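**Q**
2 protein chains.
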Amino acid sequence: MERNKESNSNGKNANLGTPKNFLVPIMLLHLRDFNAHGYELMQKISQFGFNAVDQGNLYRILRQLEKDGKVTSEWDTASDGPAKRIYSITDAGEQYLEIWASSLANYQNMINQFFNLYQPFFPFQPKESDAEK
Amino acid sequence: MERNKESNSNGKNANLGTPKNFLVPIMLLHLRDFNAHGYELMQKISQFGFNAVDQGNLYRILRQLEKDGKVTSEWDTASDGPAKRIYSITDAGEQYLEIWASSLANYQNMINQFFNLYQPFFPFQPKESDAEK
DNA sequence: AGACCCTATGTGTAAATTACATATATGGGA
DNA sequence: TCCCATATATGTAATTTACACATAGGGTCT
Chain A
1 MERNKESNSN GKNANLGTPK NFLVPIMLLH LRDFNAHGYE LMQKISQFGF NAVDQGNLYR
61 ILRQLEKDGK VTSEWDTASD GPAKRIYSIT DAGEQYLEIW ASSLANYQNM INQFFNLYQP
121 FFPFQPKESD AEK
Chain B
1 MERNKESNSN GKNANLGTPK NFLVPIMLLH LRDFNAHGYE LMQKISQFGF NAVDQGNLYR
61 ILRQLEKDGK VTSEWDTASD GPAKRIYSIT DAGEQYLEIW ASSLANYQNM INQFFNLYQP
121 FFPFQPKESD AEK
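Now the structure itself:
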């Protein structure tokens with residue numbers, strides 16, 4: 001059966017235009033500042049501006065990043081609760097984050113271009129609110 | 001056989017983080033300003049900041065947009081060369097473009113948040129160059 | 001002890017999206 | 001005629017995302 005298309009009948013448009021793999025740089029960015037396990041990352045990231053983070057996806061990405069040598073992990077069995085897999089970023093991971101940053105900057109420019117063309121007709125203006133007195 | 005992963009051996013990272021369906025709002029935006037056929041759109045858009053536009057993808061998107069009632073088309077057999085399918089945006093298309101705009105604004109904020117956290121360590125700064133004198 | 005919930009990490013798989021290759025046709029110029 | 005630029009389109013593999021589900025530790029309430 002067919003899944004809901006973007007614009008479904010109830011008018012909710014959940015996730016138009018989210019960039020591919022956007023979780024990747026966000027995760028690496030957090031891991032650059034502090035080591036963390038998946039569940040912890042998930043909570044921090046959900047306060048980042050996402051509607052929701054798919055945990056299955058998040059754990060899968062972590063495993064893939066590890067396979068690619070961009071993060072490393074080890075079990076923490078000492079602290080309370082179920083064992084946690086603590087992730088740390090590697091040098092390769094930081095370099096990869098740099099590449100991501102330049103890519104995001106590039107896309108940022110595209111969005112700006114979009115709004116440059118868009119605004120003349122419909123002055124939506126995302127931030128930087130009006131108040132021209 | 002497996003396709004190239006993002007970061008391939010020669011260091012070229014073609015398309016990290018390109019947003020999903022980004023062609024859609026760009027195309028609608030252009031169609032809002034003037035009716036056009038696919039080939040024409042492709043050329044204008046390739047000057048927008050994309051490395052390359054997949055024409056198969058572009059034509060497929062146009063057909064899908066038409067199926068969804070966001071654009072309409074008619075053949076132009078009068079002018080030179082092969083027949084062109086001229087597309088026009090509909091009211092539904094313009095509304096859809098609005099939704100896209102707010103979605104892109106939202107993502108713009110996320111990127112800004114990203115750079116707010118990223119910069120303290122690595123002052124990449126996408127635009128708005130330094131010169132603090 | 002058993003039921004229940006929160007933490008924590010994963011796998012299975014269908015759907016959606018993108019990338020790459022290829023097919024077809026018109027018309028102009030050499 | 002052959003080639004090239006224009007113009008539209010399909011086939012299909014690879015990638016990415018979404019949604020469902022599985023497993024397990026440890027605390028609390030009864």
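Chains A and B are the protein sequences, given in the same order. FYI, in full-length UniProt numbering the residues of the first sequence are 1 to 133. FYI, in full-length UniProt numbering the residues of the second sequence are 1 to 133. Positions of the beta carbon are idealized from the N, C-alpha and C atoms, including for glycine. Fair warning: this is a prediction, and the values are worked out from it, not measured in the lab.
1) Could you give the DSSP three-state label for aspartate 54(A): helix, strand or coil?
2) So, is serine 79(A) buried or exposed, given that buried needs 16 or more other C-beta atoms within 10 angstroms?
3) When you compare the CB of isoleucine 111(A) with every CB in chain B, is at least one pair closer than 8 Å?
4) What are the start and end residues of the alpha helix (DSSP H) that includes aspartate 91(A)?
5) Between glutamate 74(A) and glycine 17(B), what straight-line distance do the alpha-carbon atoms span, to the nearest angstrom?
6) Just reading off the beta strand (DSSP E) that aspartate 76(B) is part of, what are its end residues?
7) For asparagine 44(B) and asparagine 106(B), I'd like the C-alpha separation in whole angstroms.
8) Whose C-alpha, out of Thr72(B), Asp54(B), Asn21(B), is nearest the C-alpha of phenylalanine 34(B)?
9) I'd like the list of long-range same chain contacts for leucine 97(A), defined as Cβ closer than 8 Å, with 5 residues on each side in sequence excluded.
10) What number of angstroms, rounded off, separates the C-alpha of glutamine 64(A) from the C-alpha of asparagine 21(A)?
11) Helix, strand or coil, according to DSSP, for serine 88(B) in the structure here?
12) With DSSP as the reference, label proline 25(B) as helix, strand or coil.
13) If you follow the alpha helix (DSSP H) that lysine 44(A) is in, where does it begin and where does it stop?
14) Is there a Cβ from chain A that is less than 8 Å from the Cβ of glutamine 47(B)?
15) In the segment 16-34 of chain B, which residues sit with their C-beta less than 9 Å from some C-beta in chain A, listed in chain order?
16) Restricting to Cα atoms, I'd like to know which of Gly38(A), Ile61(A), Phe50(A), Ala101(A) is closest to aspartate 76(A).
17) Quickly, what does DSSP pair proline 19(A) with across the bridge? List them, please.
18) Have a look at glutamate 40(B) and aspartate 91(A) and give me their C-alpha separation to the nearest angstrom.
19) Got a sec: does the ligand GTP put a non-hydrogen atom nearer than 7 Å to the Cβ of lysine 20(B)?
20) Can you tell me the Cα-Cα spacing of asparagine 57(B) and glycine 49(B), whole angstroms?
21) Suppose you measure from the CA of phenylalanine 115(B) to the CA of proline 19(B); what does that come to, to the nearest Å?
22) Checking contacts by CB at 8 Å: is alanine 52(B) closer than that to chain A?
23) Could you tell me the alpha carbon to alpha carbon distance between lysine 70(B) and alanine 36(A), rounded to whole angstroms?
24) Between which residues of its own chain and alanine 101(B) is the CB-CB distance below 8 Å, once the five residues before and five after are set aside?
**A** A quick look at the data gives this:
1) coil
2) exposed
3) yes
4) 91-118
5) Roughly 28 Å separates the two Cα atoms.
6) 71-76
7) The sequence given here has lysine at residue 44(B), not asparagine. Taking the straight line from one Cα to the other gives about 25 Å.
8) Thr72(B)
9) These residues qualify, in order along the chain: Pro25, Leu28, Leu29, Arg32, Ile89.
10) 12 Å
11) strand
12) helix
13) 38-46
14) No, glutamine 47(B) does not count as interfacial toward chain A.
15) Leu16, Gly17, Thr18, Pro19, Lys20, Asn21, Phe22, Val24, Pro25, Ile26, Leu29, His30, Arg32, Asp33
16) Gly38(A)
17) In the DSSP output, where bridge partners are listed per residue, proline 19(A) has Pro19(B).
18) 44 Å
19) With respect to the ligand GTP, the structure shown offers nothing to examine, as it has no ligands at all.
20) 17 Å
21) 17 Å
22) no
23) 45 Å
24) Pro25
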